[in-house]
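FYI, in full-length UniProt numbering the residues of the sequence shown are 1 to 663.
C-beta atoms are modelled at their ideal positions from N, C-alpha and C, and glycine is treated no differently.
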Amino acid sequence: MEKNIVIVGAGYSGILTAKKLAKRFKKNPDVTITIIDKNPFHTMLTELHEVAASRVDEDSIKISLKKVFAGRKVNVVIDTVASIDFTGKKVLGNTGEYKYDILVMAAGSKPTFYGVPGAEEFSYKLWSFDDAVMLRDRIHNVFRQASCETNIEERKKLLSFFVVGAGFTGVEMVGELAEYVPILCEKYEIDRKEVTLCDVDGLSRVIPNLTEKLSAKVARRLEKMGVSLIMNATVSAVGNDFIELKQGDKINHYTAGTVIWAAGIQSADITQEAGKNLELTRGARVQVDKYLRSTKDEKVFIAGDNMYYVPEGEERPVPQMVENCEQCADTIAHNIVCSVTGQGEMEVYKPAFHGVMVSIGGRYGVAQVGLPNHMFSLASFFAMFTKHFINIIYFIQVLGWNKIFSYIKHEFFTVRNCRSFVGGHFSNRTPSFLLVALRVWLGAVWVYEGIMKIVEGWFTGSKLTDFFGGANTWYNSILNAASNVATKAVESGAADATSSATASGGGEGAAQAVGQVLVHFNILGLVKVIFVSGKTLAESTLNDLAFKLDIPLMNWFVNHLILPNNGMQMFMQIFIVIAEILIGLALIGGLLTGPAAAVSLVLQFMFVCTTGLYLNTFWMIFAGIAMLIGAGRTFGLDYYAMPGLKKWWKKLPIVRKLYIYND
């Protein structure tokens with residue numbers, strides 16, 4: 001019998017629930033999964049402040065639903081849900097009706113204004129993609145206007161920013177803005193002292209979810225960045241150019257050019273509308289049972305911010321945070337499978353949260369992580385590292401390699417003004433045309449190596465025995481030379497040099513030991529002098545010094561599969577020659593430069609393991625690494641070839657399903 005599962009909302013919990021259900025029901029033709037959202041994309045709500053303060057591009061926080069569910073049995077519907085008919089089991093949208101047997105409410109939240117006059121009309125919100133873009137444009141516009149404003153008071157009004165709310169969203173927004181303001185001041189030639197940044201909250205300290213020590217640490221950081229914290233103050237009114245704050249019995253009037261509202265959230269409109277038939281609690285959240293079903297309808301599951309649930313043994317309901325969305329998605333998917341198939345036992349929701357973290361701009365953060373009863377704080381660097389690591393884990397679940405590559409690019413490779421916890425060290429600033437000469441020269445060397453092997457007869461006779469044995473011969477000759485030097489030194493009276501070796505084998509043992517020391521000391525091609533009892537034994541400036549990796553598996557492969565078999569030897573010789581020439585031509589022409597560079601590094605690794613890597617070819621390794629990403633797009637055929645190849649690659653069903661592409 002056919003079962004229709006409808007998910008309302010493509011936020012954190014909705015999108016993960018849909019993916020998990022698609023995986024569980026991929027071989028069940030009787031189950032249909034539909035996800036409905038008003039936008040064709042999933043928004044990273046935790047990163048909105050980065051767009052609002054122009055740290056990253058707006059596209060970096062969007063994830064296409066079409067891409068997420070490519071190759072999966074999920075129907076993506078773009079529609080605004082107006083109401084839900086629980087009796088007829090239908091979701092009613094602006095453009096259609098959607099029947100369901102099981103419904104998942106994951107519509108997310110919206111800001112709440114607590115009845116403050118003017119707050120909704122005159123403040124900027126930060127709870128959607130559009131909010132972030134509008135706020136970013138507003139910030140740029142006021143600085144642009146202020147740069148041309150001659151009236152000092154009017155300029156200060158334009159440059160006054162009040163963030164309402166000192167929770168996670170408010171602190172991250174004001175911290176990001178405080179980091180960005182000096183950059184804007186320099187760009188528009190504005191004195192930083194003319195800019196006012198305030199964070200307002202009715203609580204006694206910022207981010208009360210953190211310990212008092214960490215909360216104080218956050219406050220100190222914000223104040224150091226030029227943010228004024230106004231605690232124990234509630235907003236009594238917001239106007240077009242002002243904000244009123246009530247502190248005790250006193251109401252203070254402040255000039256405010258921009259008010260950003262980040263003071264609290266409540267369930268989305270559709271959840272509140274549906275709540276007329278369900279059990280609503282504080283914040284318009286829906287009461288659920290231990291299986292995350294509505295207490296009024298067992299065919300309706302509530303996910304993420306929409307759910308009100310107090311776990312067994314806890315005093316407070318689960319927080320409205322991303323980790324709760326991720327964990328509840330797994331429980332809901334499991335319980336829906338049990339409900340549909342009638343197999344297995346339903347799972348009681350037992351969340352185990354692993355802490356919280358807050359970033360104050362792109363360079364600084366605090367975190368309190370661990371297990372529920374064993375939390376510890378992290379230093380700023382590790383807190384920011386943890387944040388990015390957690391985001392990447394989430395992206396692996398949602399859009400795999402494609403989103404990971406995009407995220408790393410936006411957060412590290414293209415970030416400007418050093419707005420990252422690793423500064424600007426990974427940011428790409430070198431003009432790519434400077435790599436052209438290196439690319440062509442590296443390619444020419446590979447072509448030359450291949451042609452010389454042809455001239456030496458690699459296509460006509462066996463050459464690998466001598467080729468693979470070159471490094472061993474070199475090593476033994478150096479070792480013997482060093483042994484002879486050491487032996488002569490011992491014979492001439494350097495008794496101290498052999499005192500430790502005499503007990504285990506006499507002068508020859510000492511010679512061997514000193515010989516090996518000589519070789520290892522010169523492994524980087526540096527001039528080294530070894531002293532024994534104050535006397536110089538040897539000095540080396542070898543120009544052809546080699547380094548060989550001793551890897552048993554590679555040695556076994558060469559000694560047992562290649563060298564004993566003439567046919568295999570010829571095959572490997574021809575393969576090496578052709579590979580070298582093709583790599584060289586690809587690099588010279590700038591065609592498939594990345595793959596060619598990768599294969600060149602593989603060949604270099606093979607040579608290190610078998611023949612030894614000589615100092616005069618060391619540079620080829622580093623040149624190959626430099627060619628891995630995008631080096632062929634400048635004055636190369638990749639400029640024409642890669643866009644077409646990427647377009648073709650992305651069309652392959654298996655590629656879309658596994659997300660093994662990047663945009």
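Quiz item: For Glu58, which residues from the same chain have a beta carbon less than 6 Å from its beta carbon, with the 5 sequence-adjacent residues on both sides left out?
Solution: Val51 and Val133
Practice problem: Report the rounded CA-to-CA distance for Leu378 versus Gly355, giving the unit in angstroms. | Solution: 11 Å
Exercise. Could you check the C-alpha separation between Gly342 and Tyr100 for me, to the nearest Å?
Key: 18 Å
Quiz prompt | Residue from Lys20, Ile629, Arg144 and Ala178 whose Cα sits closest to the Cα of Asn428 | solution = Ile629
Exercise. Ignoring anything shorter than 4 residues or poking outside the segment 74-125, list the alpha helix (DSSP H) runs there in chain order.
Key: 119-122
Quiz item: Among residues of its own chain, excluding the 5 on either side of Val568, which ones have a beta-carbon nearer than 6 Å to its beta-carbon?
Solution: Looking at the sequence itself, residue 568 is Met, so the reference to Val does not match. The answer, listed in chain order, is Ile562.
Practice problem: Could you work out which residue in Val358, Phe25 and Tyr124 is closest to Arg221 when comparing CA atoms only? | Solution: Val358
Practice problem: Thinking Thr634 and Val436 are a contact (beta carbons under 8 Å), I'd like their distance in whole angstroms, please. | Solution: 6 Å
Quiz item: Can Val227 and Leu203 be called in contact, C-beta distance under 8 Å?
Solution: no
Quiz item: How about Ile243 and Phe376: are their beta carbons less than 8 Å apart?
Solution: no
Quiz item: Taking the Cβ atom as the reference point for each residue, do Leu48 and Asp131 lie within a distance shorter than 8 Å?
Solution: yes
Exercise. For my contact list, Met173 and Arg439 are in at a C-beta cut-off of 8 Å; report their separation, rounded to the angstrom.
Key: Their Cβ separation, rounded to whole angstroms, is 44 Å, which puts Met173 and Arg439 out of contact at 8 Å.
Quiz item: Looking only at its own chain, which residues have a Cβ that is under 8 Å from the Cβ of Trp649, when we skip the five neighbours before and after it?
Solution: Val655 and Tyr661
Quiz item: Helix, strand or coil: how does DSSP classify Lys463 here?
Solution: coil
Self-check item: Buried/exposed call for Thr17, threshold 16 Cβ in 10 Å
Solution: buried
Quiz item: Just curious, the alpha helix (DSSP H) that Val655 is in, first and last residue?
Solution: Pro653 to Leu658
Practice problem: Return the residue from the list Ser13, Phe607 and Ala233 that minimises the CA-CA distance to Ala263. | Solution: Ala233
Practice problem: Determine, using beta carbons only, whether Leu303 and Ser60 come nearer to each other than 8 Å. | Solution: The sequence given here places Ala at residue 303; Leu does not occur at that position. Their beta carbons are not under 8 Å apart, which means Ala303 does not touch Ser60 by this criterion.
Practice problem: Mind checking who Gly370 pairs with in its DSSP beta bridge? | Solution: Met375
Quiz item: Among Trp401, Tyr394 and Asn616, which one has its Cα closest to the Cα of Ile15?
Solution: Tyr394
Quiz item: How many Å lie between Ile523 and Thr617 at the Cα?
Solution: Only weak support is given to the placement of Ile523: the predicted model assigns it a pLDDT of 38, under 50, and the question is left unresolved by the model.
Practice problem: Sort out for me which residues DSSP pairs Ile408 with in a bridge. | Solution: Ile408 is not bridged to any residue.
Quiz item: Residues in its own chain within less than 7 Å of Thr80 by CB, not counting five upstream and five downstream?
Solution: Lys38, Gly93 and Asn94
Quiz item: Which one of Met321, Gly636 and Gln247 has the shortest CA to CA distance from Phe168?
Solution: Met321
Practice problem: May I ask which residues mark the beginning and end of the beta strand (DSSP E) holding Leu197? | Solution: Thr196 to Val200
Practice problem: Pull up the distance between the alpha-carbon of Val369 and that of Tyr349, whole angstroms please. | Solution: 21 Å
Practice problem: Identify, in the order they occur along the chain, each residue of the same chain with its Cβ nearer than 6 Å to the Cβ of Lys62, setting aside the five sequence neighbours on each side. | Solution: Phe41
Quiz prompt | Spatially closest choice to Asn417 from Met346, Met572 and Pro182, by CA coordinates | solution = Pro182
Exercise. Could you check how far apart the C-beta atoms of Ser236 and Leu229 are, in whole angstroms? I think they sit under 8 Å.
Key: Wrong, their Cβ atoms sit about 19 Å apart, outside the cutoff.
Quiz item: Helix, strand or coil: which one does DSSP assign to Lys646?
Solution: helix
Self-check item: Of the residues Gly239, Ser432 and Pro564, the one placed nearest Val116, counting alpha carbons only
Solution: Gly239
Exercise. Let me know if Leu446 comes out buried or exposed under the rule of 16 or more other beta-carbons within 10 Å of its beta-carbon.
Key: For the sequence presented, residue 446 should be read as Trp rather than Leu. The residue in question, Trp446, is buried, as its Cβ has 16 or more Cβ neighbours within 10 Å.
Quiz item: Is Val608 closer than 8 Å to Ile583 when the C-beta atoms are compared?
Solution: no
Quiz prompt | With 16 other Cβ atoms within 10 Å as the buried cut-off, status of Glu411 | solution = buried
Exercise. Say whether the segment 279-294 touches the segment 306-315, bearing in mind that this needs 3 or more beta-carbon pairs closer than 8 Å, one atom from each stretch.
Key: yes
Quiz item: Alpha carbon to alpha carbon, how far is Ile7 from Lys403?
Solution: 23 Å
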